[in-house]
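**Q** First the structure, which I've put down as structure tokens, then a few questions once you've had a look.
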Amino acid sequence: MKKADFWAKQYRSHIGKMVGTCYRFVGDWQVAEDLAQDAFLHAIEKSGSYHAWGSFEGWIQKIAVNEALMYLRNRPELVAMDEEMAVAEPLPDESQEMQEEFSQEELLELISKLPVRQRTVFNLYAVEHYSHKEIANQLGISVANSKVLLNRARGELQARIRARRVKS
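Here the sequence shown is numbered in my numbering, starting from 741 and rising by one per residue.
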């Protein structure tokens with residue numbers, strides 16, 4: 741198989757998921773498509789660094805996540821927060837209940853409406869399974885700030901879910 745054929749096949753297989761990954765972070769389909777395209781080009785450029793230790797899909801998704809994070813770092817809304825923020829009490833986990841009541845599209849819509857910092861931390865923690873320490877390193881914030889933002893994101897999601905339940 742020629743290199744061009746290989747990459748064309750990989751593009752068809754992975755670009756949709758890459759766009760979805762980027763969308764979860766930026767909340768804008770047009771920007772997500774651009775970021776996924778850029779991430780795919782970076783994957784081609786970095787193909788020599790892939791050593792088949794993990795799945796190809798995981799490797800290319802990580803590039804998409806990093807591309808979205810780099811985009812967000814250049815946005816003024818993602819300025820580091822005050823170090824003196826107090827960590828709020830954890831909210832009860834309603835994730836199972838949410839999954840039963842809402843479609844994936846509805847949940848993505850709710851997540852996309854979170855403020856950018858909350859959405860970013862929520863996606864890194866809940867979807868990409870980063871630790872708070874890894875999130876803090878990626879975003880240049882403290883571990884405490886990561887926890888605060890996650891807690892606020894959960895609270896905001898739960899409030900929006902309750903509001904939708906009332907409307908139903």
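We put the beta carbon where it would ideally sit given N, CA and C, even for glycine. Note that this is a predicted model, so its numbers are computed, not measured.
Determine, using beta carbons only, whether L850 and L879 come nearer to each other than 8 angstroms.
**A** no
**Q** Is it buried or exposed for S871, if we count other Cβ within 10 angstroms and need 16 for buried?
**A** exposed
**Q** Does the Cβ of Q858 have 16 or more other Cβ atoms within 10 Å, making it buried, or fewer, making it exposed?
**A** buried
**Q** Which residues in the same chain as V861 place their Cβ atom closer than 8 angstroms to its Cβ, once the five residues preceding and following it in sequence are excluded?
**A** In its chain, beyond the 5 residues on either side, I875, L879, S886, L889, L890, A893 have a beta carbon closer than 8 angstroms to the beta carbon of V861.
**Q** Please determine, among K749, H782, L854, the residue with the shortest C-alpha to C-alpha distance to G767.
**A** L854
**Q** Would A783 and I755 qualify as a contact pair, given that the criterion is a beta-carbon distance under 8 angstroms?
**A** Their beta carbons are not under 8 angstroms apart, which means A783 does not touch I755 by this criterion.
**Q** I'd like to check one pair, L775 with E797: are the Cβ atoms closer than 8 angstroms?
**A** no
**Q** In the DSSP assignment, find the alpha helix (DSSP H) that holds E849 and state where it starts and stops.
**A** Looking at the DSSP string, the run of the alpha helix (DSSP H) that includes E849 is 844-852.
**Q** In whole angstroms, what separates the C-alpha of W747 from that of R904?
**A** 43 angstroms
**Q** Kindly list the residues whose CB is nearer than 8 angstroms to the CB of I800, restricted to its own chain and excluding five residues on each side of it in sequence; keep chain order.
**A** Q750, H754, M758, A779, F780, A783
**Q** Let's see if you can read the secondary structure: which residues bound the alpha helix (DSSP H) around A804?
**A** 796-813
**Q** The alpha helix (DSSP H) spanning I881 covers which residue range?
**A** That residue, I881, is in no alpha helix (DSSP H); it is neither H nor E in DSSP.
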